[in-house]
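Protein sequence lines correspond, in order, to chains A, B, C, D, E, F, G and H. Just so you know, the first sequence maps onto residues 1 to 76 in the numbering used here. Just so you know, the second sequence maps onto residues 101 to 176 in the numbering used here. Just so you know, the third sequence maps onto residues 201 to 276 in the numbering used here. Just so you know, the fourth sequence maps onto residues 301 to 376 in the numbering used here. Just so you know, the fifth sequence maps onto residues 401 to 476 in the numbering used here. Just so you know, the sixth sequence maps onto residues 501 to 576 in the numbering used here. Just so you know, the seventh sequence maps onto residues 601 to 676 in the numbering used here. Just so you know, the eighth sequence maps onto residues 701 to 776 in the numbering used here.
There are 8 protein chains.
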Amino acid sequence: MSKAFVLVNTNLGSEAEVESELMTIEGIIGVYEVYGVYDLVVEVEAESQQKLKEIIFSRIRTLKHVRSTLTLTTVS
Amino acid sequence: MSKAFVLVNTNLGSEAEVESELMTIEGIIGVYEVYGVYDLVVEVEAESQQKLKEIIFSRIRTLKHVRSTLTLTTVS
Amino acid sequence: MSKAFVLVNTNLGSEAEVESELMTIEGIIGVYEVYGVYDLVVEVEAESQQKLKEIIFSRIRTLKHVRSTLTLTTVS
Amino acid sequence: MSKAFVLVNTNLGSEAEVESELMTIEGIIGVYEVYGVYDLVVEVEAESQQKLKEIIFSRIRTLKHVRSTLTLTTVS
Amino acid sequence: MSKAFVLVNTNLGSEAEVESELMTIEGIIGVYEVYGVYDLVVEVEAESQQKLKEIIFSRIRTLKHVRSTLTLTTVS
Amino acid sequence: MSKAFVLVNTNLGSEAEVESELMTIEGIIGVYEVYGVYDLVVEVEAESQQKLKEIIFSRIRTLKHVRSTLTLTTVS
Amino acid sequence: MSKAFVLVNTNLGSEAEVESELMTIEGIIGVYEVYGVYDLVVEVEAESQQKLKEIIFSRIRTLKHVRSTLTLTTVS
Amino acid sequence: MSKAFVLVNTNLGSEAEVESELMTIEGIIGVYEVYGVYDLVVEVEAESQQKLKEIIFSRIRTLKHVRSTLTLTTVS
């Protein structure tokens, strides 16, 4: 199992909308709105590195109102 | 009483306009234009965490010409 | 329930030791070693903001070999 | 009147001690423990730029357990 | 005499244009294109803090193609 | 021989397109998509500092979908 | 083949010593001293993610005079 | 002529001492104490890239009480 945390910054005012959309994506097992340098903490799990990459690059980073992401891949 | 400092970056040239608008928002008890990595220091107080959140997310972050915010919530 | 993510940087070479110690602390429900700007992602839950604060300030930040922490408190 | 906000990082575990010491320094009108990239927000006021500088460089930055500071001077 | 260094990031590809415009502004005594996190180092001098502020906020930050600025005011 | 590493952030979702375009530019000897604060690591070599500068400023930074760059020039 | 770039900050004055030691480690295929926010760019290759991790955590991060590292793992 | 700006962070409380020492080094044509993320702005000029490198790595970075440096080399 591959796992990563994606720290997301959204367009200002779109936090709730992005949060809702993220929660419908397969492989995303947690979305938390947070205070501070990042707006959302997203927990992602997939059966392979390849699948994890697809979720992050094709599903999360391409979402409207996602402004930037910082991906922390776990050390397996 | 819940309290936070919000460090704001505005669109360049809009510092004064954003500052004026912030000063009219209930719960904002101080706005200071500063030199350095941030443009404005905003001091916010509310009677609950929930109300504090509303001011930050619905009033400050949605303001026109606010480019990014870094919220420092105080440790109660 | 109050929840936070604490992004931890450890002394270099002490990642595994800090990870082991963190996992024994009550309220810490996940510890993940990650690549990138941070070394560990720590997931903390407590029944109140006060208790959450105690875990972060008295248990995590005082651990030997913890060099710095960035706490992201969730927006309730 | 000259005013500045000093964002302070302390040695881990020394937040409360530094906070107590800061509150005894003349010219410091507020000290707040915060979550996030900084540990303390310190509000400083002095009758001149010269006096403000002395408080920051001779009193705050030389305190034991103060690890780093980021000073935001207000635009007068 | 008040003095500041303004570290400027420009729109990509507009470095030379911004550099040329900056060099025509009174009070700007040096503009250097640099490698790294910032694109231009701008050296500004004025006879008062008030005048320095005007140059930075009304002349530099409002320039087309200036994306962000970090102002380092000198400790007098 | 002059050499630099350029750490590139692209518009979200345009990583692959930018990567393809970079690989066709003379002087670029490696392009790697990475996880973390940067999206692409670009390795550039040229016969002179002047030529290196041209590749970075006229070819890389002006590419569509390149959002920001951090250039690390090697110490010769 | 797994590959990563490790951006290293050394103790000041120890750049050359760390560079020499890094170049003797198996799996490290390039070490470059650079100007800017990082001191050294280290290119690492290994036959598996597991082996890559060992080189970074057991060989690079434990080296004397290595102060901090930022690992960028390539997206395979 | 090669030129660079070196942004220096000193040990807290040692700003003035480091400033004095820097001003005696050949090739350093300006030292300014500043407010903000950096403590000192150092302006360096040398007749070659090689000589510039020596001043930065052998003279500035090895000074007692210099904690970190960020070098911005000018684009010639």
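We treat Cβ as the ideally placed atom computed from N, Cα and C, and that holds for glycine.
Between residue i and residue j, what straight-line distance do the alpha-carbon atoms span, to the nearest angstrom?
i: A316(D); j: K151(B); result: 27 Å
i: I228(C); j: A246(C); result: 9 Å
i: Y338(D); j: S548(F); result: 43 Å
i: L540(F); j: K353(D); result: 42 Å
i: S176(B); j: S202(C); result: 13 Å
i: K564(F); j: S414(E); result: 14 Å
i: G730(H); j: S158(B); result: 47 Å
i: V108(B); j: F605(G); result: 33 Å
i: E326(D); j: T262(C); result: 30 Å
i: S320(D); j: S520(F); result: 57 Å
First and last residue of the alpha helix (DSSP H) that includes residue i?
i: L452(E); result: Q449 to E454
i: L312(D); result: No alpha helix (DSSP H) holds L312(D); DSSP gives it neither H nor E.
Output the boundary residues of the beta strand (DSSP E) element that contains residue i.
i: V442(E); result: L440 to A446
i: G30(A); result: I28 to E33
i: L472(E); result: V466 to T473
So residue i contacts chain A; which residues on that side make the cut at Cβ distance below 9 Å?
i: V515(F); result: The amino acid occupying residue 515(F) in the given sequence is Glu; Val does not appear at that position. Going along chain A in sequence order, the residues near E515(F) (Cβ under 9 Å) are F57 and R61.
Show which residues of chain H have a CB atom less than 7 Å away from the CB atom of residue i.
i: K551(F); result: Simply none; closest approach about 12 Å.
For residue i and residue j, which I take to be in contact (beta-carbon distance under 8 Å), what is that distance rounded to the nearest angstrom?
i: I560(F); j: T574(F); result: About 16 Å separates the two Cβ atoms, so there is no contact after all.
i: T771(H); j: Y635(G); result: 5 Å
i: V542(F); j: L522(F); result: 6 Å
i: T710(H); j: V718(H); result: 5 Å
i: T156(B); j: V166(B); result: In the sequence under discussion, the amino acid at residue 156(B) is Ile, which differs from the Thr named in the question. Not a contact, Cβ separation roughly 11 Å.
If the cut is a Cβ gap below 7 Å, which residues of chain G does residue i touch?
i: V541(F); result: F605 and L672
So with CB distances below 8 Å, who are the chain E contacts of residue i?
i: S320(D); result: Those do not exist, as S320(D) stays about 27 Å from chain E at its closest Cβ, beyond 8 Å.
In chain B, which residues lie less than 7 Å from residue i when you measure between Cβ atoms?
i: S276(C); result: Q149
Residues, ordered as in the chain, of the region 262-274 of chain C that lie near chain D by beta-carbon distance below 9 Å: T262, L263, V266, R267, S268, T269, L270, T271, L272 and T273
Where the region 326-337 of chain D meets chain B: residues whose CB sits under 7 Å from a CB there: Y332, E333, V334, Y335 and G336
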